[in-house]
Amino acid sequence: MADEMEQALVEAARAVRENAYVPYSQFKVGAAIRTPSGAVHLGVNVENVAYPEGTCAEAGAIAAMVAAGEGRIEAVAVIADSPQPVSPCGGCRQKLAEFGEGSVPVVLATTDGTLQRTTLAELLPGVFSQAHMERAGRG
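Numbers in the numbering used here are just positions in the sequence shown, counted from 1, shifted up by 116.
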């Protein structure tokens, strides 16, 4: 990710993070996804009193991207107020991999400016993909 584009994506995630709905944990997370068209799609975590029913910021950004008619991820930024950068949960790693190649850059950030750069492949080695569902003799 070019520095200027990376910074813009992190700042978009930082700004949207403030809209997170976190009445239980108070742990706000923001995510920004850039697509090949240059569009940026945003998401925040949304909690629910029935904890497993909440939505992660990355899943929200993916939903916004798909709702906008796009289906490929070019870059990702995730930000949270924590001592070290927070990585997407396992489910969100799989969701991100559904829409992006392994080389897609991911920047994980803290609100105090610490950055960790990685890729989708590094976040989810051995990704489960559509190729696993193909059977011999089926094209």
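Where is the CB? At the ideal position from N, CA and C, for every residue including glycine.
What does the alpha-carbon distance come out to for the pair residue i and residue j?
i, j, result
"Ala128", "Val165", "27 Å"
"Glu238", "Gln142", "29 Å"
"Gly194", "Met181", "According to the sequence shown, residue 194 is Val rather than Gly. Whole-angstrom Cα-Cα distance: 15 Å."
"Ala196", "Glu186", "25 Å"
"Gly207", "Glu174", "10 Å"
"Arg130", "Val243", "28 Å"
Please state whether the Cβ-Cβ distance between residue i and residue j is less than 8 Å.
i, j, result
"Val223", "Leu125", "yes"
"Gln200", "Thr234", "no"
"Gly216", "Leu236", "yes"
"Val192", "Gly176", "no"
Between residue i and the rest of its own chain, which residues show a CB-CB distance below 6 Å, the 5 nearest in sequence each way excluded?
i, result
"Lys144", "Arg133, Ala136 and Val138"
"Ala148", "Leu125, Ala128, Ala129, Val156, Leu158 and Ala193"
With 16 other CB atoms within 10 Å as the buried threshold, where does residue i fall?
i, result
"Arg156", "Reading the sequence as shown, one finds Val at residue 156 and not Arg. Label assigned to Val156: buried."
"Gly154", "exposed"
"Val160", "buried"
"Pro168", "exposed"
"Thr227", "exposed"
"Arg251", "exposed"
Measuring alpha carbon to alpha carbon, tell me which of the options ends up nearest residue i.
i, options, result
"Val202", "Cys172, Glu120 and Arg251", "Cys172"
"Ser219", "Ile189, Glu163, Ala225 and Arg251", "Ile189"
"Ala225", "His248, Gly146, Met121 and Asp119", "Gly146"
"Asp119", "Ala184, Pro221 and Ile178", "Pro221"
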